[in-house]
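Colleague: To start, I am sharing the structure in question, which I have written as structure tokens.
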Amino acid sequence: MKVETFTLERWMSTWEVVAKFDIAESGVYPLTTRELLDFLPPDERQSVENQLLDLRLGYNEARGTARLRGDIAATYENVNADQVLVTTGAIEANYLLVNSLLEAGDHVISVFPAYQQLFSVAKAVGCEVSLWRIVEDGGNYVFDLDALEKLVTPKTKMILINTPNNPTGALLSNDDLKRIYALAESVGAWVLCDEAYRWLDIPGGEPLAEPMRNLGPRAISVGTFSKPFGLPGLRLGWIAATEDIVKACWSARDFISLAPSGLSDLLASVALRERDQIVARNHAIVQQNLDYAEGWFSKHSELASWNPPRGGLLALMKYNVDLPSDTVANTLAADYSVMLAPGSTFGYEGHLRIGIGQTPAIFAEGLERTARCLERLTLGQTAAVGTQGAS
Ligand SMILES: Cc1ncc(COP(=O)(O)O)c(C=O)c1O
């Protein structure tokens, strides 16, 4: 299978080794192993530390341990451990699902803009992909359910959605999810809901919708320890689906990564147990960054604006310089050591993707440097216009 270049990942991996102020990051500032264990009560901490040190580093249970699958299953309604497959991140989960359930010629619908994997892998499989565009409406990015209804055909095999959305911060409500499920059911399609940003509600904001998996057998939820738990280095995610789907994906995974790491599996169990404390830590980071961003955008309204995220950790910043987004992003990275991902990598020109999960000190410095860069680029343009006028 030949898949097109993952433009965002190429851009991120080019600059993340160079730029010090990464405010393009899609996750929350990662935890260390010590910080994670510190969430445990002291007596249990000691016992888990011993389990970690004594863990024999053999191959792990291929689907993920029954303990971890059971813990994950318990976060859904009526899901058991056999209906969960632990994967190498949400990225492997999406890949396995698209490859196992779809074939060339199938019609699929993918939300757009989105994490590129959602539609690029389906394209590589040979599917006919229709994009369901998120639209801007009164200072918010919103999902237009009527537009989705028009895209569904009797040939539609899968609807791929992502809520909270990367990169717009848009949200689907419980009613939206029900309507999408009913649409899929009416044509015998699956709904793959990438819930990489589950549990990442905005403090004081709208509650997030329930997971898609709760809605019925055609609903598939994909989750991860990367974003809500600040543990992308574990490389652990999961699929929650019917047992048949889980078996099909497991069988495909035998050829890819075989089994998740046992060390990660154990640490992931700790993270799930201490979820409330981790969510509180995330809220504290996100709240500080949102407060700073609000002040920054009102002070620099001549340079840039945004629709704050309604959920998750990401939003699009619209800048007021007439330059392509990769020129602006590359200038920021090369001259100011700041990472803000170019909107072009999402097919969204004139914008930069910003993440609100970075440490507040780096987030604030990143934004200050961004202001200096945008001021310089604006002055450059004014000077260029002035020169043109004189000639
Ligand atoms: C929407 C979405 N899905 C999946 C992934 C992949 O995450 P993971 O680290 O769990 O593989 C990302 C990463 O940024 C994402 O934003």
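When you number the sequence shown by numbering that gives the first Met the number 0, it's gap-free, plus one each residue, and the end is 390. For each residue, glycine too, the CB sits at the ideal point set by N, CA and C.
#1: Quick one: what does DSSP say residue 172 is sitting in, helix, strand or coil?
#2: Please report the Cβ distance between residue 23 and residue 352, rounded to the nearest whole angstrom; I am assuming they are in contact, meaning their Cβ atoms lie under 8 Å.
#3: Identify every residue that forms a DSSP beta bridge with residue 218.
#4: Which residues mark the beginning and the end of the alpha helix (DSSP H) in which residue 329 is found?
#5: Rounded to the nearest angstrom, what separates residue 279 and residue 356 at their Cα positions?
#6: Would residue 164 and residue 209 be called neighbours here (beta carbons separated by less than 9 Å)?
#7: Three or more C-beta pairs under 8 Å: does that hold for the region 152-159 against the region 181-194?
#8: Evaluate residue 182 with the Cβ neighbour count: other Cβ atoms within 10 Å of its Cβ, from every protein chain shown; 16 or more gives buried, anything less gives exposed.
#9: Would a C-beta distance cut-off of 9 Å place residue 392 and residue 58 closer than the cut-off?
#10: Can you give the beta carbon distance from residue 55 to residue 170, rounded, assuming they're within the 8 Å contact cut?
#11: Taking 6 Å as the limit, tell me which residues put their C-beta closer than that to any heavy atom of ligand 1, in chain order.
#12: Please look up how many angstroms separate the CB atoms of residue 195 and residue 226, rounded, as I've assumed it's under 8 Å.
#13: Is DSSP giving residue 15 helix, strand or coil here?
#14: DSSP beta-bridge partners for residue 0?
#15: Report, in whole angstroms, the separation of the C-beta atoms of residue 249 and residue 84, which I expect to be a contact under 8 Å.
#16: Tell me the DSSP secondary structure of residue 212 in three-state form.
#17: Which residue wins for smallest C-alpha separation from residue 346, given the options 243, 111 and 212?
#18: Mind checking who residue 84 pairs with in its DSSP beta bridge?
#19: Could you give the residue range of the alpha helix (DSSP H) that holds residue 139?
#20: Is residue 197 helix, strand or coil by DSSP?
#21: Name, in chain order, the residues that DSSP records as bridge partners for residue 161.
#22: According to the Cβ coordinates, are residue 134 and residue 141 closer than 9 Å?
#23: Quick check on residue 250: does DSSP put it in helix, strand or coil?
#24: Between the Cα of residue 322 and those of 373, 154 and 344, spot the shortest distance and give me the residue it belongs to.
#25: By alpha-carbon positions, which one of 82, 126 and 320 ends up nearest to residue 382?
#26: By Cβ distance below 8 Å, which residues in the same chain neighbour residue 245 in space, the five residues on each side in sequence not counted?
#27: From the DSSP output, read off the bridge partner residues of residue 106.
#28: Between the Cα of residue 64 and those of 235, 339 and 315, spot the shortest distance and give me the residue it belongs to.
#29: Give the straight-line distance between the Cα atoms of residue 117 and residue 30, rounded to the nearest whole angstrom.
#30: Under the three-state reduction of DSSP, which class applies to residue 282: helix, strand or coil?
#31: Which of helix, strand or coil does DSSP assign to residue 317?
#32: Give every residue of the same chain whose Cβ lies closer than 6 Å to the Cβ of residue 388, excluding the five residues on either side of it in the sequence, and list them in chain order.
#33: If we ignore side chains and look at the alpha-carbon of each, how far apart do residue 264 and residue 230 end up?
#34: Per DSSP, which one or two residues make a beta bridge with residue 299?
Modeller: Looking at the coordinates:
#1: coil
#2: 6 Å
#3: 190
#4: 324-335
#5: 13 Å
#6: no
#7: yes
#8: buried
#9: Since the first and last residues shown for the chain are 0 and 390, residue 392 lies out of range.
#10: Rounded, the Cβ-Cβ distance is 43 Å, inconsistent with contact.
#11: 25, 88, 89, 90, 114, 161, 165, 193, 195, 223, 225, 231 and 236
#12: 5 Å
#13: coil
#14: In the DSSP assignment, residue 0 forms no beta bridge with any residue.
#15: 5 Å
#16: Helix at residue 212.
#17: 111
#18: 238
#19: Residue 139 -> not in any alpha helix (DSSP H); beta strand (DSSP E) instead, spanning 139-142.
#20: Three-state result, residue 197: coil.
#21: 193
#22: In this structure, residue 141 lies closer than 9 Å to residue 134 by Cβ.
#23: helix
#24: 373
#25: 320
#26: 62, 81, 82, 83, 84 and 238
#27: 127 and 155
#28: Ranking 235, 339 and 315 by Cα distance to residue 64 puts 235 first.
#29: 27 Å
#30: helix
#31: Strand at residue 317.
#32: Confidence in residue 388 is poor, its pLDDT being 44 and thus under 50, which makes the residue's placement unreliable; the coordinate value appears in the next sentence. Once the five neighbours on either side are set aside, residue 388 has no close Cβ partner at all.
#33: 12 Å
#34: Answer is none; residue 299 lacks a bridge partner.
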